[in-house]
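So in our numbering, the last one in the sequence shown is 322, and the numbering has no gaps at all.
Written below as structure tokens is the structure these notes are about.
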Amino acid sequence: MYLSSRMITSVSPSTNSSFLLTGFSGMEQQYPWFSIPFSSIYAMVLLGNCMILHVIWTEPTLHQPMFYFLAMLALTDLCMGLSTVSTVLGILWGLIQEISLDSCIAQSYFIHGLSFMESSILLTMAFDRYIAICNPLRYSSILTNSRIIKIGLTIVGRSFFFITPPIIRLKLFHYCRFHILSHSFCLHQDLLRLACSDIRFNSYYALMLVICTLLLDAILILFSYILILKSVLAVASQEERHKLFHTCISHICAVLIFYIPIISLTMVHRFGKHLSPVAHVLIGNIYILFPPLMNPIIYSVKTQQIRARMLMLFSLKRY
4 MYLSSRMITS VSPSTNSSFL LTGFSGMEQQ YPWFSIPFSS IYAMVLLGNC
54 MILHVIWTEP TLHQPMFYFL AMLALTDLCM GLSTVSTVLG ILWGLIQEIS
104 LDSCIAQSYF IHGLSFMESS ILLTMAFDRY IAICNPLRYS SILTNSRIIK
154 IGLTIVGRSF FFITPPIIRL KLFHYCRFHI LSHSFCLHQD LLRLACSDIR
204 FNSYYALMLV ICTLLLDAIL ILFSYILILK SVLAVASQEE RHKLFHTCIS
254 HICAVLIFYI PIISLTMVHR FGKHLSPVAH VLIGNIYILF PPLMNPIIYS
304 VKTQQIRARM LMLFSLKRY
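Pasting the structure below:
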């Protein structure tokens, strides 16, 4: 992996103290150039999601269930960016090469928890669209403010509570192999690959957790859109059909840009061992950065209320 003997020695299997983070192996000389687009992407992630939160917070007309869920999505994307920015840019800027076990476990906890949280929010947004289109007369009575708060608390609990047992067990493992991670951040499956302890509980638990969260969420989102499509096709007016379908475009795009990278990363970890380390790092960074980068852009362009408020905000700043 083009690693110097000094770097390998510093993360030898005799200690659990630290792990070597992997950047673009063999391209270390180009890191200053790589840091420019990555820094720009992180700046856009932070700025875009903060602006979405600011617009929803300050505009009373956007204090509706649909935009509350969008604010949850933006907050999740913002936290995802903040949880990985230190290691990704730290490597490219030459500030860090290693990460301690405790820091690695904490980062893994937040990355996976936020991924499950984003999946849950996308499912909730699909439910919101289903109620708005298929049962509009009961929309305000079903999605009350108190119920939205309960949904938000349930999403947070579901996302972070169930991943706690396998993440805590990472601290108890003995890591006897060379402590070289596959990415510029820590993932649960990456740490399992380096452990020499009995990892069967973590492997089976993680698999069941993915099936009961990500896969189940994806199936329920698909089912909700089948019902939505059935309801839209029952509308006689072509213009009304177009209007109803347009309200779902942003959410459909958000679902695709979340699930495609996460499925790609899973496939690479399972079947892509023959791929170069650079491919692993690239796909990992796409999984981390692509949804937080694209979601604010999609909702700013496709959602009329957000777009109008954004344009107003920029015009006020200009004058």
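Glycine included, each C-beta is placed from N, C-alpha and C at the ideal position.
Quiz prompt | Buried versus exposed call for F22 [16 or more other C-beta atoms within 10 Å across all chains shown] | solution = Numbered from 1 along the sequence shown, position 19 holds the residue referred to as residue 22. With 16 or more Cβ atoms within 10 Å of its Cβ, F22 is classed as buried.
Self-check item: C-alpha gap between Q32 and T87, whole angstroms
Solution: As a first step, residue 32 must be located in the sequence shown, where it is residue number 29. As a first step, residue 87 must be located in the sequence shown, where it is residue number 84. Rounded to the nearest angstrom, the two C-alpha atoms are 22 angstroms apart.
Exercise. Measure the alpha-carbon distance for L6 versus G26 and round it to whole angstroms.
Key: Reading the sequence shown from its first residue, position 3 is the one you call residue 6. Reading the sequence shown from its first residue, position 23 is the one you call residue 26. Because L6 sits at a pLDDT of 44, beneath the cut-off of 50, its placement in the model cannot be relied upon, and the point is left open.
Quiz prompt | L278 - containing alpha helix (DSSP H), residue span | solution = For the purposes of this step, residue 278 is taken as the residue at position 275 of the sequence shown. No alpha helix (DSSP H) holds L278; DSSP gives it neither H nor E.
Quiz prompt | I124 - containing alpha helix (DSSP H), residue span | solution = Here residue 124 corresponds to residue number 121 of the sequence shown, with the count starting at 1. That run of the alpha helix (DSSP H) goes 104-137.
Quiz item: If you run the structure through DSSP and keep just helix, strand and coil, what is L190?
Solution: Locating residue 190 in the sequence shown gives position 187, where the first residue counts as 1. Here L190 sits in coil by DSSP.
Quiz item: From L197 to Q100, what distance separates their C-alpha atoms?
Solution: Within the sequence shown, the letter at position 194 stands for residue 197. Within the sequence shown, the letter at position 97 stands for residue 100. Straight-line Cα distance between these residues: approximately 17 angstroms.
Quiz item: How many Å lie between P35 and V271 at the Cα?
Solution: As a position in the sequence shown, residue 35 is number 32, starting the count at 1. As a position in the sequence shown, residue 271 is number 268, starting the count at 1. Their backbone Cα atoms lie some 27 angstroms apart in a straight line.
Exercise. Could you tell me how far apart the beta carbons of G51 and P299 are, in whole angstroms, since I believe they sit closer than 8 angstroms?
Key: Residue numbering aside, residue 51 sits at position 48 when the sequence shown is read from its first letter. Residue numbering aside, residue 299 sits at position 296 when the sequence shown is read from its first letter. Going by Cβ atoms, the distance from G51 to P299 rounds to 3 angstroms, so yes, they are a contact pair.
Self-check item: Nearest-angstrom beta carbon gap, N205 and R172 [assumed within contact, 8 angstroms]
Solution: For the purposes of this step, residue 172 is taken as residue 169 along the sequence shown, with counting starting at 1. For the purposes of this step, residue 205 is taken as residue 202 along the sequence shown, with counting starting at 1. Contact flag correct, Cβ pair sits at about 6 angstroms.
Quiz item: If you draw a straight line from the alpha carbon of F130 to that of S227, how long is it in whole angstroms?
Solution: As a position in the sequence shown, residue 130 is number 127, starting the count at 1. As a position in the sequence shown, residue 227 is number 224, starting the count at 1. Going from the Cα of F130 to the Cα of S227 covers about 7 angstroms.
Exercise. Using beta-carbon positions only, say whether C82 and L194 come within less than 8 angstroms of one another.
Key: By 1-based counting over the sequence shown, the position of residue 82 is 79. By 1-based counting over the sequence shown, the position of residue 194 is 191. Against a cut-off of 8 angstroms, the Cβ pair of L194 and C82 comes out as no contact.
Self-check item: Secondary structure of S200, DSSP reduced to three states
Solution: Along the sequence shown, one-based indexing puts residue 200 at 197. Reduced to three states, the DSSP call for S200 is coil.
Exercise. Report the residue from L175, N288, C137 whose alpha carbon sits nearest the alpha carbon of T250.
Key: The residue you call residue 250 lines up with position 247 of the sequence shown. The candidate whose alpha carbon is nearest that of T250 is C137.
Self-check item: Proximal residues to I170 (C-beta, below 8 angstroms), its chain only, five neighbours per side dropped
Solution: Against the sequence shown, residue 170 aligns to sequence position 167. Cβ within range, chain order: I108, S111, Y112, H115, H191.
Practice problem: Ignore the nearest five residues each way along the sequence and tell me which others in I286's own chain have a CB closer than 6 angstroms to its CB. | Solution: In the sequence shown, residue 286 corresponds to position 283, counting from 1. Answer for I286: S267, L268, V271, listed in chain order.
Exercise. Could you tell me whether the Cβ atoms of F37 and L95 are closer together than 8 angstroms?
Key: The count along the sequence shown starts at 1 and reaches residue 37 at position 34. The count along the sequence shown starts at 1 and reaches residue 95 at position 92. Closer than 8 angstroms, so yes.
Quiz prompt | Inter-residue spacing [alpha-carbon to alpha-carbon] between L219 and I158 | solution = Taking the first residue of the sequence shown as position 1, residue 219 is located at position 216. Taking the first residue of the sequence shown as position 1, residue 158 is located at position 155. Answer to the nearest angstrom: the Cα atoms are 14 angstroms apart.
Quiz item: For F248, which of helix, strand or coil comes out of DSSP?
Solution: Here residue 248 refers to the residue found at position 245 when the sequence shown is read from its first residue. The answer is helix: DSSP assigns F248 an H, G or I state.
Self-check item: Limits of the unbroken beta strand (DSSP E) element including L23
Solution: Start at 1 with the first residue of the sequence shown, and residue 23 comes out as number 20. It spans 21-23 - the beta strand (DSSP E) in which L23 sits, taken as one unbroken run.
Practice problem: Indicate whether V48 and P295 have their beta-carbon atoms separated by less than 8 angstroms. | Solution: By one-based count along the sequence shown, residue 48 stands at place 45. By one-based count along the sequence shown, residue 295 stands at place 292. Yes, the pair counts as a contact, with Cβ atoms nearer than the cut-off.
Quiz item: Span of the alpha helix (DSSP H) holding P63?
Solution: As a working note, residue 63 is residue 60 in the sequence shown. Here P63 belongs to no alpha helix (DSSP H), and DSSP marks it neither H nor E.
Exercise. Out of I59, G29, F41, state which residue places its alpha-carbon closest to the alpha-carbon of R310.
Key: Numbered from its first residue, the sequence shown carries residue 310 at position 307. The residue with the shortest Cα to Cα distance from R310 is I59.
Quiz item: Would you call the CB atoms of I55 and Y302 closer than 8 angstroms?
Solution: Along the sequence shown, one-based indexing puts residue 55 at 52. Along the sequence shown, one-based indexing puts residue 302 at 299. Yes, Cβ-Cβ distance for I55 and Y302 is below 8 angstroms.
Quiz item: At least one CB of chain B closer than 8 angstroms to the CB of Y45: is that the case?
Solution: Absent from the structure is chain B; it holds one protein chain and no more.
Practice problem: Between the Cα of T127 and those of F188, S42, A257, C189, spot the shortest distance and give me the residue it belongs to. | Solution: The residue you call residue 127 lines up with position 124 of the sequence shown. For the residues F188, S42, A257, C189, the minimum Cα distance to T127 belongs to A257.
Practice problem: Below 8 angstroms CB to CB, which residues in the same chain sit around I255 once its five sequence neighbours on both sides are set aside? | Solution: Here residue 255 is taken as the residue at index 252 of the sequence shown, counted from 1. Y228.
Quiz item: Since F72 and I134 are thought to touch, with beta carbons under 8 angstroms apart, how far apart are those beta carbons, to the nearest angstrom?
Solution: As a first step, residue 72 must be located in the sequence shown, where it is residue number 69. As a first step, residue 134 must be located in the sequence shown, where it is residue number 131. So it is not a contact: roughly 12 angstroms between Cβ atoms.
Exercise. State the start and end residues of the unbroken alpha helix (DSSP H) segment that holds S240.
Key: Position 237 of the sequence shown, counting from 1, holds the residue named residue 240. Careful: S240 lies outside any alpha helix (DSSP H) and carries neither H nor E.
Quiz item: Distance, Cα to Cα, I231 vs L117?
Solution: The residue you call residue 231 lines up with position 228 of the sequence shown. The residue you call residue 117 lines up with position 114 of the sequence shown. Cα-Cα distance, rounded: 27 angstroms.
Practice problem: Could you tell me the distance, in whole angstroms, from the CA atom of P307 to the CA atom of K174? | Solution: Here residue 307 refers to the residue found at position 304 when the sequence shown is read from its first residue. Here residue 174 refers to the residue found at position 171 when the sequence shown is read from its first residue. The identity of residue 307 in the sequence shown is Gln, whereas the question assumes Pro. Between Q307 and K174, the C-alpha separation is close to 47 angstroms.
Quiz prompt | Three-way DSSP call (helix, strand, coil) for I183 in this model | solution = Working through the sequence shown from its first residue, we reach residue 183 at position 180. Strand at I183.
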